[in-house]
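Residue numbers (my numbering), protein chains in the order written: chain A, 160 to 280; chain B, 48 to 154.
Below is one structure, written out as structure tokens, with a few remarks after it.
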């Protein structure tokens, strides 16, 4: 069974930092492009970042570029998101999600339940 | 970035109804559109990929179609478990983008 489990969320002050983790199991983690997607309270889904299977290609949304860093450790079946210079508008549930296929690029077929990041003073 | 304009933002329907949700891409993206169902407190669920392919274990009442840069999710014979928020998403660009969402509520 494919499982993705996020952790690392919490309450942080503006300007602070957090490191989110996503533990993957039930599939060959190193074969898949992985993504972070977030949902702010009362808002829709927003794609944040993606990283290909061996970290060759990394992409970010404009809203987080320069502040967020995605990485992965295939030996540990884990995905990470380092989030710095946090802003109130970064408050959201952060999901990790697997890209069904990279070539051609298809949908996000498995998601975790998310971890909540709250940015407030 | 490719913009996905989704409409309506919400709709009310009854069990057994047929509903349609539209998504318009800001440029040509082939068939690289996917549809998701999301319920509060749950993980989003992939319903349709590549505009019209049904993901595994998704009921056949969910139908995806396309016409140029317009994409439609149709739900036939709406069931109680279908009341949720639905999102389109493009995967043509590596910088994925979602539509704004459509909340399907019980009339």
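The C-beta atom is built at its ideal place from N, Cα and C for all residues, glycine as well.
With 7 Å as the threshold, decide whether the Cβ of residue i is near any Cβ in chain A.
i	result
residue 93(B)	yes
residue 54(B)	no
residue 81(B)	yes
residue 134(B)	yes
residue 57(B)	no
residue 138(B)	yes
Chain B partners of residue i, CB-CB under 9 Å?
i	result
residue 209(A)	141, 142 and 143
residue 205(A)	144 and 145
residue 227(A)	The premise fails here: residue 227(A) is roughly 14 Å from chain B at the closest Cβ pair, so nothing lies under 9 Å.
So, are the CB atoms of residue i and residue j less than 7 Å apart?
i	j	result
residue 274(A)	residue 167(A)	yes
residue 110(B)	residue 130(B)	no
residue 270(A)	residue 253(A)	no
residue 98(B)	residue 80(B)	yes
residue 272(A)	residue 171(A)	no
residue 218(A)	residue 142(B)	yes
residue 145(B)	residue 134(B)	yes
residue 257(A)	residue 191(A)	yes
residue 173(A)	residue 276(A)	no
residue 82(B)	residue 69(B)	no
Which residue's Cα is closest to the Cα of residue i: the options?
i	options	result
residue 161(A)	276(A), 279(A), 264(A) and 259(A)	259(A)
residue 195(A)	267(A), 277(A) and 280(A)	267(A)
residue 222(A)	197(A), 213(A), 215(A) and 210(A)	197(A)
residue 235(A)	173(A), 176(A), 180(A) and 175(A)	180(A)
residue 232(A)	177(A), 279(A), 183(A) and 176(A)	183(A)
residue 106(B)	60(B), 86(B), 58(B) and 128(B)	128(B)
residue 124(B)	63(B), 103(B), 76(B) and 85(B)	63(B)
residue 238(A)	208(A), 176(A) and 203(A)	208(A)
Kindly say whether residue i, judged by its beta-carbon, lies nearer than 7 Å to any beta-carbon of chain B.
i	result
residue 266(A)	yes
residue 270(A)	yes
Give the interface partners of residue i over in chain B, defined as CB-CB distance under 7 Å, in chain order.
i	result
residue 279(A)	None at all; the shortest Cβ gap to chain B is about 21 Å.
residue 199(A)	Those do not exist, as residue 199(A) stays about 12 Å from chain B at its closest Cβ, beyond 7 Å.
residue 183(A)	Within chain B, no residue comes near residue 183(A); the closest Cβ sits about 14 Å away, beyond 7 Å.
Mark residue i as exposed unless 16 or more other C-beta atoms lie within 10 angstroms of its C-beta, in which case mark it buried.
i	result
residue 50(B)	exposed
residue 72(B)	buried
residue 227(A)	buried
residue 65(B)	exposed
residue 189(A)	exposed
residue 225(A)	exposed
residue 201(A)	exposed
Since residue i meets chain A, which of its residues come closer than 7 Å, beta carbon to beta carbon?
i	result
residue 97(B)	265
Taking residue i as the query, report the chain B residues whose CB atoms sit under 8 Å from its CB, ordered along the chain.
i	result
residue 254(A)	90 and 91
residue 251(A)	None at all; the shortest Cβ gap to chain B is about 13 Å.
For residue i, which residues in chain A fall below 9 Å Cβ to Cβ?
i	result
residue 156(B)	The question about residue 156(B) has no answer, for chain B in this structure spans 48 to 154.
residue 148(B)	202, 203 and 204
Please confirm whether any heavy atom of the ligand MN lies closer than 6 Å to the CB of residue i.
i	result
residue 148(B)	The ligand MN is not among the ligands present in this structure, which contains no ligands whatsoever.
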